[in-house]
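Residue numbering for the sequence shown follows this note's numbering, starting at 62 and increasing by one per position.
Here a beta-carbon is modelled for each residue, glycine too, at the ideal position from N, C-alpha and C.
Only one structure is covered here, and it is reproduced in the block below.
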Amino acid sequence: MSQTADWQYEECKLSRSGPPATIVAIDEESPNGTLLVENMQINGVAEGPHRTISLSLRDNQDYWVILDPSKKALYLNSTGRVLDRDPPSYIHSIVVQVQCTNELVGTVILHEVRIVVRDRNDNTPHFQQPRYYVAVSELTPIGTTIFSGFWGNNGATDIDDGPNGQIEYTIQYNPKDPTTNRTFDIPLTLFGSVVLRERLNYEDITRYLVIIQANDRAPYPSERRTATTTLTVDVLDGDDLGPMFLPCALVGNTRDCNPITYRANVLELTQPNKVNPVNVTPPIQAVDQDRNLQPPSDRPGILYSILIVLTVSLSGKPVSYAEYFSLNRTTAELLLLKPIDRELYRRFDLVIKAEQDNGHPLPAFANLQIEVLDKNNQAPYFLETSYHGYISEASPVGTTIATTASLSAPLTIIALDNDVEETRDPQLQFSLDSYSNVFSVSATGIRRYLTLVQPLDRETQDSYAFTLLASDGVQQSIPVTVTITVLDANDNSPTFANVSYNVNVFTDMIPGETVLQLSAVDSDAGPNGQVTYRILAGHQGHFIIGNSTGVITVAPGHQLTVGRSYALTVEAVDNGPVPQRRSSITTVYIEVLPPNNQSPPWFLRQQYSLEISEAMRTGATLLNLQVHSDSIHHRLSPPQLLTDELSSYRLIHTTRFHPVFALLIMAVDRERDPITYKIQSGDLHGHFALQQDAGYLVLDKPLDRESLDYYTLVVTASDGHPDGTSTTTVNIVVIDVNDNDPLFDSSLPVNLTVSEEHDQAYVGQVKATDPDLGTSGMVNYRLINHQNLFSINATGAIRTTMPLDREVRGHYFLIVEAWDGGVDPRRSRLTLSITVLDVDDNSPIFTQQTYNVSLPENSPKDTAKDADLRSNLTYRIRTEGSDQEIVRLFHIDPVTGELSALKAFDYEALTGSEPTYTFTVEAIDIEGTMPPGLASVTVRIMDMNDFSPIFGQSVYRGLVAPDAVKGTIVTTVMANDSDPAGTPAGLVRYKVNQEAFPYSASIFDVEEQTGHVVTRVNLNEKPNLKFS
């Protein structure tokens, strides 16, 4: 029996050794039904007919565990949910009790099961901020930690556990900002502190965008999760650069400035008070290259000084600049200390230095060149009133213009200045009013020469006319006219109109009869343009040509034969120097035909040339196409006389100003049929007429060279038979006459301004053009009025001749006249309106020196209190030496001058019996240099009745005898008012509300000043009667 009992007590006990609790581990997010404990190893049979134990679960919170008694196994129950170790679930472990009941003896044993939930790397790091920012000075040393903002809870967090939740930081490559990787580093990845690796330079890069990656430390790198953010690093300007002088012209693609030279002129023997401060061009100015130092109060000032002198005096001694000049340390104004004798010093070459006032070791340097000018009281002048030069069209660029057509001596131009000795170079500046792209004047010397700047072509333009002006920098000479004649060079070959000609001749032509007249044109002049003709081959002795006329005729003693044909090679050669002669050839094909009774009329020449003045009167006969002549080129311009050489011309008609010539050219008709002439083309607007029967070419409408300067007329001659028409060409060149007035450029302004108190001040520019040619198109200028106050040069630039005073006269109407260079000049006038501008020589002045303003308390802020300060100036409250509280209480509009309050004032909260604020307002001329205008403003805060009286008691009680007489004091009421005592708002007055208690008010009253409640009448009332 005892053995059986022992066996029964073994049921429900663990069959294994070891700790009593069963401990297992499971990954979070494991699926439903995951096996937790395969067998609890408990003694006994839990199922079936031989069951000795029964199993159940206790303390199964949230029912995460399922028990299978038959297998003694435990499973995960996560139906509809997730086993999550991370927030917000925080399920790190599950503890349940497996209860075993011994069915044999009735005992119960509890077995503890601990289920540990293991972490999975299922969460990505998360940055606490969307972006991060830090500002770093460019002077920060390498190795400095510039950002530690990822430490603690400010960086990235990962809710996973263990290594899965540990964060480390790295810098990633940013393709949009590739310099960040080499500039910054995170050496301690777990701390995430960003360290500077390379020196910063604000002038190169002002902002970096650093991509920061945060990753967890999961055991396997492939399973690690990452997140990124951007750290914006703004580079702050540091004081690492010195000043630079302005203006700065950069050297190539660097940040270095080219050396700059400032220039100034000082008139000899001038008193300092007449010129100080000396005008320097451009104004001396240097700025700190570190322009964005913060705060602005840290920005250093610039100090200027003269460092060294680079020149010596005329006597050979070193120049002592300190005796004559000083440079203001802070403003860089150049001051003349005493008059300079030009016989001792002509120029000062100084080196100036700009440095920061904080001892920065990088100064800047510039050159300052000061010219001592001769006392200029006379204008330059030319020795000649005009100049005439010559140059060959074949001259290369750089050739000097000659004084004669032989080109043997250069054209010398001399301009002197009586302010300078004749033996010394007056150092004048020469300027051309036109053709400066074709000719240039030598820059120095008493004798100046004109040289060629670009190639010439006489056939395009055979002369140039322009005006030359000399200036000493202050005064200008009277302009002189320069005419350059372009000499011909044999650079053109004679040119036939056609490459070949076809002519039909007849057997009945007699020797000497004209077959064809050839014409080769050579654009050269003189012998270079004279053409000689000869037949080189093909004539077989049957034809000859006039060597000067180009007329081909039947050779004497020869009879033409039907059916013969000829190909004549004809050469045209000019008469230039033998080595330079030019020539060309053409071919004339001749067919011999039997006699023809209906051959068309034909011109002996295929083209004619005329030059006609645009002033030619209408009705003039220009050309007679019926009359024979040995010349084809004619110039018709009044006046002109016939010469023996031109005896073939016939004078048709003449007037005093317009002689008219007819050219003896013949159109031949073998049958002597009547010929009809007609202009076929080339005269679109009908300027010419051709008499049909006589062949006279007549001017029918006035010509205008400026509209059209060349005509090519095609003229026909017809005998009325079919195929009985021939043509010729008439080339007409229109010659210019002075028929146009100078025309002022309307695009230039006529309303001009000039500052007062400046000598030789630039006023404005006029420009007039004349479409005529040569000297007739050259425009000169002069002033009709106010010549003592203004001057105008050859280019139309207008300047003052003396300082103007706006207070004397503030406006001028200046009349400018432009005239051309014709023999009988044509003129135009233009009126300019000139306003004299005031200079900043006065400070702004307020209409009042003091302003008194009363401001009621509790007024809304921004209430404008005084509009008398309005002006076009800029206003502000002066803060130097005043209470800084003022700018927090009041504001002045910088444009309108309106003064407003920035807050509502409480009179009761202010100290003093009569609160006032007194401060200074200044008016500043932003564009001026004078000190600001000042005015004193006093704002007095006025008390307003903003508090109601308050009684000391809600109910007052009093006793009075039933028979009290009138005026008996019953009681006294008292009320307090928080408005200031002694002011009307703080004075309390009393009265009875008669509407509320009309009967009581008829018996009792209250004294207005004291608050005594008194009887109004003699009482006669019952005792114990009450009144309210």
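query = Does the beta-carbon distance from N812 to Q537 come in below 7 Å?
reply = For N812 and Q537, no; Cβs fall outside 7 Å.
ask   = What is the rounded straight-line gap between the Cα of C73 and the Cα of V166?
value = 11 Å
inquiry  = Quick check on this structure: which residue in V177, W212, G216, E199 has the alpha carbon closest to the alpha carbon of Q190?
reply    = Answer by Cα proximity: G216.
request  = To the nearest angstrom, report how far apart S997 and L963 are at their CA atoms.
outcome  = The C-alpha of S997 lies about 19 Å from the C-alpha of L963.
query = Taking the continuous alpha helix (DSSP H) assigned at P1059, which residues delimit it?
reply = 1059 to 1064
query = Secondary structure at V336, three-state DSSP: helix, strand or coil?
reply = helix
Collapsed DSSP secondary structure at Y70 in the structure displayed = helix
task = With a 10 Å radius around its C-beta and 16 neighbouring C-beta atoms as the bar for buried, classify L579 as buried or exposed.
result = Label assigned to L579: buried.
Cβ-Cβ distance between E329 and R403 below 7 Å = yes
inquiry  = Measuring straight from C-alpha to C-alpha, what distance separates D806 and T861?
reply    = 22 Å
key: Local conformation of D359 per DSSP, three classes   = DSSP places D359 within a helical segment (H, G or I) once states are collapsed to three.
inquiry  = On the criterion of 16 or more Cβ atoms from any shown chain inside 10 Å, does F1088 qualify as buried, or is it exposed?
reply    = exposed
ask   = Quick one, are the C-beta atoms of T322 and N428 less than 7 Å apart?
value = Between T322 and N428, the C-beta spacing is below 7 Å.
query = Using CA coordinates, which residue listed in S497, T528, D523 is at the minimum distance from S447?
reply = T528
Among A476, Y451, V547, the one whose alpha carbon lies nearest that of F443 = A476
inquiry  = Could you pull the DSSP bridge partners for P917 from this structure?
reply    = M1003
ask   = Do the segment 790 to 800 and the segment 826 to 842 touch if we need at least three Cβ pairs shorter than 8 Å?
value = yes
message = Between the alpha carbons of E90 and I207, how many angstroms are there, rounded?
response = If you take the alpha carbons of E90 and I207, they lie about 42 Å apart.
message = Looking at R867: is its Cβ nearer than 7 Å to the Cβ of D820?
response = no
message = Assuming the contact rule is C-beta atoms closer than 8 Å, L513 and T546 should be a hit. Round their C-beta distance to whole Å, please.
response = 13 Å between Cβ atoms; not a contact.
task = Go ahead and pull the three-state DSSP assignment for Q274.
result = strand
message = Alpha carbons only, please: which of R508, P239, P655 is nearest the one belonging to R268?
response = P239
ask   = Cα separation between Q19 and L423?
value = Summary: the structure shown does not reach residue 19, with the chain confined to residues 62 through 1089, and so no result is reported for it.
request  = In angstroms with no decimal places, state the Cα-to-Cα distance between E445 and Y842.
outcome  = Between the alpha carbons of E445 and Y842 lies a gap of roughly 20 Å.
request  = Label D221 either buried or exposed according to how many other C-beta atoms from any shown protein chain fall within 10 Å of its C-beta, with 16 as the threshold for buried.
outcome  = buried
message = Measuring only the C-alpha atoms, how far is R717 from Q522?
response = Per-residue confidence for R717 stands at a pLDDT of 33, beneath the threshold of 50, marking its modelled position as unreliable; no derived number is given.
inquiry  = Three Cβ pairs or more, each shorter than 8 Å: is that satisfied between the segment 644 to 658 and the segment 773 to 790?
reply    = Below 8 Å, too few C-beta pairs join the segment 644 to 658 and the segment 773 to 790 to call them touching: fewer than three.
query = Would DSSP call R1077 helix, strand or coil?
reply = coil
message = Measuring alpha carbon to alpha carbon, tell me which residue in D967, L745, L200 is nearest F1008.
response = Ranking D967, L745, L200 by Cα distance to F1008 puts D967 first.
Beta-carbon gap between P803 and A879 smaller than 7 Å = yes
key: Proximity below 7 Å, CB of Q160 to CB of S117   = yes
message = Is the separation between the beta-carbon of L597 and that of E632 shorter than 7 Å?
response = yes
task = Let me know the secondary structure DSSP gives S674 once reduced to three states.
result = strand
message = What does the alpha-carbon distance come out to for the pair A755 and D734?
response = 13 Å
query = Below 7 Å between beta carbons: does that hold for D583 and N608?
reply = Between D583 and N608, the C-beta spacing is not below 7 Å.
inquiry  = Closest to Q488 by C-alpha separation, out of Y451, T465, I462, L434, would be which residue?
reply    = L434
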